[in-house]
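Using the working numbering, the first residue of the sequence shown is number 19, and each one after it goes up by one. C-beta atoms are modelled at their ideal positions from N, C-alpha and C, and glycine is treated no differently. Predicted, not measured: the structure shown is a model, and the values here were computed from it. Only one structure is covered here, and it is reproduced in the block below.
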Amino acid sequence: LALGVLVGVLLSALFFARKVGDILYIGSSLSDDGEHRTYHVVGQVFFTSAEQFIDGFDFKEAVEKVTIDLHRAHFWDITAISSLDKVVLKFRREGTDVELIGLNEASATLVDRFAVHDKPDAVERLMGH
């Protein structure tokens, strides 16, 4: 009986994580001069929504600056922080200046501890070298 309860709790947690992970919206707006795009992230970013987060950005658009507004987003785990790193580093690789704004305190703590996009050897650390 205890094993059945444990399996039920684990499955329920996984289904809940999947359902909450689907509630992620990334919208954007372009400045009048066409040189600055602002992305607005709304929702929860964690292991089930990390790929959706990355897919919400256009890395090939020729803009000088990108601002990622995270006022209405929350990053829950290392996978989410890794997806943020990938987004920032992909934009930088395309020659775009990136600014992150509005991280809440809990998310900022995770970013400070685990993110590599703001470290000098960011690309090497992300690639595992």
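Residue closest to residue i, alpha-carbon to alpha-carbon, out of the options
i, options, result
"D95", "S49, S46, L128 and E117", "L128"
"F77", "F64, Y43, V106 and A126", "V106"
"F132", "R110, V116, F93 and G120", "F93"
"D136", "G120, L102 and E82", "L102"
"S125", "D73, F64 and A80", "F64"
Secondary structure of residue i, DSSP reduced to three states
i, result
"K137", "coil"
"I44", "strand"
"G74", "coil"
"V25", "helix"
"I32", "Strictly speaking, residue 32 in this sequence is Leu, with Ile absent from that position. If DSSP states are grouped into helix, strand and coil, L32 belongs with the helices."
"T114", "coil"
"H147", "Confidence is the limiting factor: at H147 the pLDDT is only 49, short of 50, which leaves the residue's position unreliable, though a coordinate-based value still follows. Here H147 sits in coil by DSSP."
CB contact flag (residue i, residue j, <8 Å)
i, j, result
"S49", "Y57", "no"
"Y43", "V23", "no"
"E117", "T85", "yes"
Discussion item. Three or more C-beta pairs under 8 Å: does that hold for the segment 62-69 against the segment 85-101?
Written reply: Contact between the segment 62-69 and the segment 85-101 is present, because at least three Cβ pairs lie under 8 Å.
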